[in-house]
Each structure stands twice: as C-alpha cells, then as structure tokens.
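**Q**
Numbering (the numbering used here), first residue to last: 137 to 220.
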C-alpha cells in the first residue's frame with residue numbers, strides 16, 4: 137500500500153470532515169475520530185472526488201479504521217490504475 141494514502145486520508149479527515157483528534161492508521165473512525173454518518177459520507181466523497189474513483193465497500197462490513205479506508209482506496213486506485 138502506498139504511504140501517500142495515509143496522508144491523503146488524514147488531510148480529508150482533518151479538513152472537510154473536521155476531525156480534531158490525532159489520526160493514526162489504527163484510529164477507529166467512529167470510536168476514536170467520532171465520525172457520524174455524515175462524517176463517514178464526507179470522508180468517502182472527499183476521497184472519491186480527489187482521485188476520481190468509486191470506493192466500493194461491503195455494506196455488511198463497512199470500514200472501521202483508517203487502515204480499512206486506506207485499503208478501500210488502494211483497491212479503487214488499482215482497479216482504475218490511478219497513482220495517488
């Protein structure tokens with residue numbers, strides 16, 4: 137996985153999503169970063185717009201951590217062969 141992905145996810149979390157807590161790869165989106173449904177949507181849309189990709193998550197297993205989001209983004213980028 138590309139290290140730039142963490143920087144991008146962190147920037148979107150701290151910018152448009154308004155997260156003020158420290159962000160790490162292990163941060164849990166709801167419990168640690170206190171994202172609600174609007175915050176999770178903000179994160180997904182922010183990343184999709186930035187890279188012009190579609191994040192395809194399993195609705196039965198939504199991403200729980202920053203690492204999960206990075207993996208979803210990495211898969212979307214590989215699928216479209218886009219570099220971060």
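Every residue gets a Cβ at the ideal spot worked out from N, C-alpha and C, and that includes glycine.
Would you check if there are 3 or more beta carbon pairs closer than 8 angstroms linking the region 139-149 to the region 175-183?
**A** Yes: the two stretches touch, three or more of their Cβ pairs being nearer than 8 angstroms.
**Q** By Cβ distance below 8 angstroms, which residues in the same chain neighbour residue 170 in space, the five residues on each side in sequence not counted?
**A** By one-based count along the chain shown, residue 170 stands at place 34. The residues are 155, 157.
**Q** Tell whether a beta-carbon distance below 8 angstroms holds between residue 205 and residue 166.
**A** Locating residue 205 in the chain shown gives position 69, counting from the first residue. Locating residue 166 in the chain shown gives position 30, counting from the first residue. No, the Cβ-Cβ distance between residue 205 and residue 166 is not below 8 angstroms.
**Q** Given this structure, state the Cα-to-Cα distance separating residue 175 from residue 153, to the nearest angstrom.
**A** Along the chain shown, one-based indexing puts residue 175 at 39. Along the chain shown, one-based indexing puts residue 153 at 17. Near 6 angstroms, if we compare the C-alpha coordinates of residue 153 and residue 175.
**Q** What is the DSSP secondary structure of residue 188, reduced to helix, strand or coil?
**A** If you number the chain shown from 1, residue 188 lands on position 52. In this structure, residue 188 counts as coil in the three-state DSSP scheme.
**Q** Please classify residue 194: does DSSP put it in a helix, a strand, or coil?
**A** Indexing the chain shown from 1 puts residue 194 at position 58. Three-state DSSP puts residue 194 in a strand.
**Q** Could you pull the start and end residues of the alpha helix (DSSP H) that residue 132 belongs to?
**A** The chain is shown from 137 up to 220; residue 132 falls before or after that span and cannot be answered.
**Q** So, is residue 139 buried or exposed, given that buried needs 16 or more other C-beta atoms within 10 angstroms?
**A** On the chain shown, residue 139 is found 3 positions in, with the first residue counted as 1. So residue 139 counts as exposed.
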